[in-house]
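Chains as they are written, first to last, in this note's numbering: chain A, 567 to 977; chain B, 567 to 977. From the three backbone atoms N, C-alpha and C, an ideal C-beta is built for every residue, glycine too.
There are 2 protein chains.
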Amino acid sequence: MSERYFQHTFPNGLTLLAEKMAGVQSAAMTLLVPAGVATDPVDRCGSANVLSDLVLRGAGDLDSRALTDYLDSLGLQRSSSAGVHHSRFGCAALASKVMTGLKTYSDIVRRPHLPESGFEAAQDLALQSLAGLDDEPRQKLLIKLREWHFPSPYSRNTMGVKQDIEKLTIDLMKVDHADRYKPKDSILAVAGNIEFGALKDEVEQHFGDWTGKPSDPVKVMPPPGRQHHEHQQSEQTHIGLAYPSIAETSDDYYVVRMATEVLSGGMSGRLFTEIREKRALVYNVWAGYSALKDQGSIMAYAGTSNDRAQATLDCLMVEIHKLSEGVTQAELDRAKIGLKASTIMQGESTSSRCGSIAHDFFVRGRIRTLEEVKNAIDAVTLDRVNAFLKKHLPGPFTIVTVGPKPLNLPQ
Amino acid sequence: MSERYFQHTFPNGLTLLAEKMAGVQSAAMTLLVPAGVATDPVDRCGSANVLSDLVLRGAGDLDSRALTDYLDSLGLQRSSSAGVHHSRFGCAALASKVMTGLKTYSDIVRRPHLPESGFEAAQDLALQSLAGLDDEPRQKLLIKLREWHFPSPYSRNTMGVKQDIEKLTIDLMKVDHADRYKPKDSILAVAGNIEFGALKDEVEQHFGDWTGKPSDPVKVMPPPGRQHHEHQQSEQTHIGLAYPSIAETSDDYYVVRMATEVLSGGMSGRLFTEIREKRALVYNVWAGYSALKDQGSIMAYAGTSNDRAQATLDCLMVEIHKLSEGVTQAELDRAKIGLKASTIMQGESTSSRCGSIAHDFFVRGRIRTLEEVKNAIDAVTLDRVNAFLKKHLPGPFTIVTVGPKPLNLPQ
Chain A
567 MSERYFQHTF
577 PNGLTLLAEK
587 MAGVQSAAMT
597 LLVPAGVATD
607 PVDRCGSANV
617 LSDLVLRGAG
627 DLDSRALTDY
637 LDSLGLQRSS
647 SAGVHHSRFG
657 CAALASKVMT
667 GLKTYSDIVR
677 RPHLPESGFE
687 AAQDLALQSL
697 AGLDDEPRQK
707 LLIKLREWHF
717 PSPYSRNTMG
727 VKQDIEKLTI
737 DLMKVDHADR
747 YKPKDSILAV
757 AGNIEFGALK
767 DEVEQHFGDW
777 TGKPSDPVKV
787 MPPPGRQHHE
797 HQQSEQTHIG
807 LAYPSIAETS
817 DDYYVVRMAT
827 EVLSGGMSGR
837 LFTEIREKRA
847 LVYNVWAGYS
857 ALKDQGSIMA
867 YAGTSNDRAQ
877 ATLDCLMVEI
887 HKLSEGVTQA
897 ELDRAKIGLK
907 ASTIMQGEST
917 SSRCGSIAHD
927 FFVRGRIRTL
937 EEVKNAIDAV
947 TLDRVNAFLK
957 KHLPGPFTIV
967 TVGPKPLNLP
977 Q
Chain B
567 MSERYFQHTF
577 PNGLTLLAEK
587 MAGVQSAAMT
597 LLVPAGVATD
607 PVDRCGSANV
617 LSDLVLRGAG
627 DLDSRALTDY
637 LDSLGLQRSS
647 SAGVHHSRFG
657 CAALASKVMT
667 GLKTYSDIVR
677 RPHLPESGFE
687 AAQDLALQSL
697 AGLDDEPRQK
707 LLIKLREWHF
717 PSPYSRNTMG
727 VKQDIEKLTI
737 DLMKVDHADR
747 YKPKDSILAV
757 AGNIEFGALK
767 DEVEQHFGDW
777 TGKPSDPVKV
787 MPPPGRQHHE
797 HQQSEQTHIG
807 LAYPSIAETS
817 DDYYVVRMAT
827 EVLSGGMSGR
837 LFTEIREKRA
847 LVYNVWAGYS
857 ALKDQGSIMA
867 YAGTSNDRAQ
877 ATLDCLMVEI
887 HKLSEGVTQA
897 ELDRAKIGLK
907 ASTIMQGEST
917 SSRCGSIAHD
927 FFVRGRIRTL
937 EEVKNAIDAV
947 TLDRVNAFLK
957 KHLPGPFTIV
967 TVGPKPLNLP
977 Q
């Protein structure tokens, strides 16, 4: 498609994306397989999470220890996680080492050993990370906010559910791996110092004959309600708030992003200046655009002491509603500059770019160039932003709190 | 010193460091002023923290709001914080915008308005962030570990002390600013798409006639003891452990770094494989080298459920002691590759590089090139690592726990 970008979907449904970056020695890879919490079996929520750990415990010719040692001997900085739609495996290193590692990643997703002993450890760790949430009330708040805001199963906690994880067995893991680790809807993205031809050959060799089952349709259910309080004894109250917005694919996407930047971008964002800097109500407050594949939302968070919690929620609502009165040209200009600057910075990071092109393909079916993003930001006018804000009043609101006592919620 | 690096100390004591990076459009800046928690007045611990917020609330010709708006209009992604030795102001954006912002940063450190109303908000926020620690037991553990391990005042919590922050006044802030915001021992580092000549001229123009008072000597006191338990009702116990090591300037620095990588680098590190992967005792465990200017330490952390806490601490001690029996060639090779890979990745980030060269100058009085770091890693041999580990047995240990009950500590 250009000298900088490359996109190819193999006959088995796997899509390869690549971006060539000048002036770097490194490369980064993101591999998405369509095993996310949203497609976890109904009463086995957490299966993708446990599986994303388990597949790394030996694959191909290498047992668990040998696999870890080998990937470390390539200098690969690695990460893996289960998300809403996908399980994600990522690595970054010298570009040639990332290329060498591709074969091993094909073993990990296609030929994992799934050992019994490794299963017990992976299950245990998943349960421990869930238990650890009690010491992370802010993270707990954000998980609960998603649960009460998004339709199920897209609202599920990507870590899973305790009772479900306890019911998992190694045999269920093997079935789940066979069902959901497959080329159709998988995305492999690489960014950095790479050659498209060599990359495509390497990926074809190791992933080209990968096969898999068709996917089951997902049954979608509305959230249980719009208001929820989670009791936690603490000096702090954590407040989360969400309301629907347009999808990422909408023509108005950057209109909404700009409005959200005015609310909470940079340090001149309204939430920061009004709630934190002027009134010192909170140490931490933000709002941002957050999307499922085809449903956008605005989400906001504030964490504060219990005695300021009600005032903080009230202020947050005031600022969000005030947005429909419009933004100023100066605010919009700053929002544009801020978003363009962060686009440029991310454009210099191989890890950031391979994540971005994978996300682009998942949401839009194609890579957006950095130039296209820049032009889309430039094209947003004050009239469009203010017309949009006037027409689309915020709400209905989902409001979730974590703390010692509930707050008075706006009706 | 080379085409890539630049170093210059102005007559007033400010040092300018720069690194020219190929293939980037951005630049990042780090400005360190010698106002860290270690030099906070004896019973005003937290003064540097409050001041690092307050100086941003209006400076030069711009009031608080105008200053924030202006810096956002340059697209500068900013951060500021008080550390042990310095207060740190950082920004990153298109290189030309970072250059433009230098004048404003000189206003911030030299001509802040220090307004009364801004002081109350900054003081309030500092107290809130301290109160928020109750919801962050892991962070609390790491703060307590420093307090019980390092000599005072280098062991202080950079956020300050509640009772001391409550006693601060705007007049004390003005005195403190005049005392500690000064060119001597300040470091300004820029990395990215820059020209040394233009940068030096710009810095000279805005910082060249900056003057300040001489520094008071710091009185150092030993830590209160080596073992501490902090009661917190929770399902989790957090364990921190530290013991002395060599300084960053030692010839053995990379020998120690390699040994620590074997213990806890990559995913094949011993703590990760033994305590997490094999025994599933913890979700999170790590060890790392951590240094004051001229005192190194090894610090380790594990967070786990209460019923596994004792076993986790015992295992952690076993692995640390076992290190003195030596590491294998394969372990050393992986450690070298891992550390070199992460050096290369960091070498591609403007923010990471300006932070690194500032740190280098502070600790060593000069910039280390990426080549020098790579060569130093390569020069470490298995014999040197194992001889060092045999000679320098780990200990004495500082052990701190946060959780519902104390553990049995090794004697």
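Could you give the first and the last residue of the continuous beta strand (DSSP E) run that contains residue i?
i      : result
W852/B : 850-858
T575/A : 571-575
In angstroms, rounded to a whole number, what distance separates the CA positions of residue i and residue j?
i       : j      : result
G854/B  : K710/A : 34 Å
I674/B  : T670/A : 51 Å
P970/B  : P703/B : 12 Å
I903/A  : I864/A : 21 Å
Q771/B  : A825/B : 46 Å
P749/B  : F773/B : 8 Å
D880/B  : P976/B : 8 Å
R570/A  : E585/A : 5 Å
V884/A  : E843/B : 48 Å
V590/A  : T916/A : 8 Å
R1021/B : K733/B : Here chain B comprises residues numbered 567 to 977, so residue 1021/B is not present and cannot be evaluated.
P600/A  : P780/A : 11 Å
A896/B  : P810/B : 26 Å
P719/A  : T735/A : 22 Å
S695/A  : R874/B : 14 Å
L583/B  : C920/B : 8 Å
In terms of residues, what are the limits of the alpha helix (DSSP H) holding residue i?
i      : result
R513/A : An answer regarding residue 513/A cannot be provided, because it is not within the stretch 567 to 977 covered by chain A.
A632/A : 630-639
R654/B : Counting along the chain, R654/B falls outside any alpha helix (DSSP H), though it belongs to the beta strand (DSSP E) covering 653-660.
E897/B : 895-912
Q729/B : 728-733
H797/A : That residue, H797/A, is in no alpha helix (DSSP H); its beta strand (DSSP E) goes 793-797.
L936/B : 936-944
N952/B : 948-957
G612/B : Per DSSP, G612/B belongs to no alpha helix (DSSP H) and is neither H nor E.
G561/A : Past the edges of chain A, shown from 567 to 977, lies residue 561/A, and the structure says nothing about it.
K740/B : 736-746
A604/A : No alpha helix (DSSP H) holds A604/A; DSSP gives it neither H nor E.
M824/A : 819-830
In the DSSP assignment, what residue or residues form a beta bridge with residue i?
i      : result
T805/B : The identity of residue 805/B in the sequence shown is Ile, whereas the question assumes Thr. In DSSP, I805/B forms a bridge with A868/B, T967/B.
D701/B : D701/B is not bridged to any residue.
I753/A : T581/A, L598/A
M787/B : S718/B
A593/A : A659/A, G758/A
K586/B : G758/B
G862/B : S811/B, A857/B
G624/A : D629/A
P678/B : A625/B
So, does the CB of residue i fall closer than 7 Å to a CB anywhere in chain A?
i      : result
L597/B : no
D629/B : no
T967/B : no
S618/B : no
Q573/B : no
V590/B : yes
So, does the CB of residue i fall closer than 7 Å to a CB anywhere in chain B?
i      : result
E914/A : yes
S800/A : yes
A614/A : no
L691/A : yes
S834/A : yes
I910/A : yes
V784/A : no
Y849/A : yes
Q861/A : no
T634/A : yes
Closest Cβ-Cβ distance between residue i and chain D: below 7 Å?
i      : result
A846/A : Looking at the structure shown, chain D is missing, and the protein chains on hand are A and B.
For the stretch 782-792 of chain B and the stretch 681-692 of chain B, state whether three or more C-beta atom pairs, one from each stretch, are separated by less than 8 Å. no
Should the stretch 649-668 of chain A be regarded as contacting the stretch 747-760 of chain A, the criterion being three or more beta carbon pairs within less than 8 Å? yes
Stretch pair the stretch 614-631 of chain A + the stretch 726-743 of chain A: three plus CB contacts closer than 8 Å: yes
At least 3 beta-carbon pairs within less than 8 Å: the stretch 808-824 of chain A vs the stretch 567-581 of chain B: no
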